[in-house]
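Going down the list, the sequences are from chains H and C.
Heads up, the first sequence is in our numbering, so the first residue is 29 and it goes up one at a time.
Heads up, the second sequence is in our numbering, so the first residue is 36 and it goes up one at a time.
Just below is one structure, and these are the notes that go with it.
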Amino acid sequence: GAVVSQHPSWVICKSGTSVKIECRSLDFQATTMFWYRQFPKQSLMLMATSNEGSKATYEQGVEKDKFLINHASLTLSTLTVTSAHPEDSSFYICSASVTAGYEQYFGPGTRLTVT
Amino acid sequence: QKEVEQDPGPLSVPEGAIVSLNCTYSNSAFQYFMWYRQYSRKGPELLMYTYSSGNKEDGRFTAQVDKSSKYISLFIRDSQPSDSATYLCAMSSLTGAGSYQLTFGKGTKLSVIP
Chain H
29 GAVVSQHPSW VICKSGTSVK IECRSLDFQA TTMFWYRQFP KQSLMLMATS NEGSKATYEQ
89 GVEKDKFLIN HASLTLSTLT VTSAHPEDSS FYICSASVTA GYEQYFGPGT RLTVT
Chain C
36 QKEVEQDPGP LSVPEGAIVS LNCTYSNSAF QYFMWYRQYS RKGPELLMYT YSSGNKEDGR
96 FTAQVDKSSK YISLFIRDSQ PSDSATYLCA MSSLTGAGSY QLTFGKGTKL SVIP
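Written out as structure tokens, the structure reads:
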């Protein structure tokens, strides 16, 4: 149980284009979903928290107009990186929770490379 | 001082050894304490979580929390090569919006040598 999937697992895009990453909870309904990014040999940094049907809460320093988050249902959240630049290249990981976040289950991550 | 401190290692042990992984923290508001295992290029996998001070055991894994010292540990008994991964400690605190936010340590990279 508690399986979270992400799609795609790896994406390469050109600078200036937009990329959408999907996060799905496969066998449970997630009241809250989280988006993180992780640079090599660094820990996970929380980007934003989203609840189904409401606007995401972004962490300080994260541009909400650049990283668009849509939490359309209790099993799906999407992160769109708009006008991507090489510095956006990173490992993006989502997590889902039924307990408002103290117990989070993570997806396998999406590796984004912007050329 | 960072909220959560974790020695990044790397830590290399022979198969069968007991492994001790540790984190310290400074924020008294942390309520739940988790250990995650992350294989290379994969998402973290929740191993254990605890709420109160004391020990919690699950198979070969024991999580220990000492809130008075702001110190948590994960022990792995009879370590196996398949335990080779990065181990992340994480701690949660309640946000003003009513959800819990996780703060992660940097992770300790563990290698178990056959």
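Every residue, glycine too, gets a C-beta built ideally from N, C-alpha and C.
*Given a threshold of 16 other Cβ atoms within 10 Å of its Cβ, counted over all protein chains shown, does C/Y74 qualify as buried or as exposed?*
Exposed, because fewer than 16 other Cβ atoms sit within 10 Å of the Cβ of C/Y74.
_In whole angstroms, give me the CA-to-CA distance for C/D101 and C/L56._
The straight-line gap from Cα to Cα measures roughly 14 Å.
_Proximity test, C/L129 beta-carbon vs the ligand GTP heavy atom, cut-off 7 Å_ = No copy of the ligand GTP occurs in the structure displayed, which carries no ligand at all.
*H/F62 vs H/L54 beta-carbon contact at 8 Å*: Not closer than 8 Å, so no.
*Which bits of chain H does C/R156 rub up against, with CB to CB less than 8 Å?*
Chain C is shown only over 36 to 149; residue 156 of chain C falls outside these bounds and no answer can be derived.
*Excluding five sequence neighbours on each side, which residues of the same chain lie with their C-beta closer than 6 Å to the C-beta of H/N98?*
Closer than 6 Å at the Cβ level, and outside the excluded window around H/N98, lie T106.
*asked:* Output needed in chain order: residues of the stretch 82-98 of chain C with a Cβ under 7 Å from some Cβ in chain H.
replied: Listed by position, the residues of the stretch 82-98 of chain C near chain H (Cβ gap below 7 Å) are Y84.
_Only counting the same chain, and skipping five residues up and downstream in sequence, which positions put a Cβ closer than 7 Å to that of H/K42?_
Taken in chain order, the residues that qualify are T143.
*Span of the beta strand (DSSP E) around C/V54*: It spans 54-60 - the beta strand (DSSP E) in which C/V54 sits, taken as one unbroken run.
*What residues in the stretch 117-143 of chain C have a beta carbon less than 7 Å from any beta carbon of chain H?*
Those would be L123, S127, A132, G133, S134, Y135, Q136, L137, F139, G140, K141, G142, in chain order.
*Using the Cα positions of C/P72 and C/S88, report the straight-line distance between them to the nearest angstrom.*
At residue 72 of chain C the sequence reads Arg, which differs from the Pro that was named. Using only the alpha carbons, I get a separation of about 21 Å.
*Do the stretch 135-147 of chain C and the stretch 68-87 of chain H touch if we need at least three Cβ pairs shorter than 8 Å?*
A contact between stretches requires three or more CB pairs, one per stretch, nearer than 8 Å, and the stretch 135-147 of chain C meets this requirement with the stretch 68-87 of chain H.
*Beta-carbon proximity of H/T141 to H/S37, cut-off 8 Å*: Contact: no.
_Where H/P136 sits in the DSSP three-state scheme_ = If DSSP states are grouped into helix, strand and coil, H/P136 belongs with coil.
*Proximity of C/L145 and C/S119 at Cβ, strictly below 8 Å*: Their beta carbons are under 8 Å apart, which means C/L145 touches C/S119 by this criterion.
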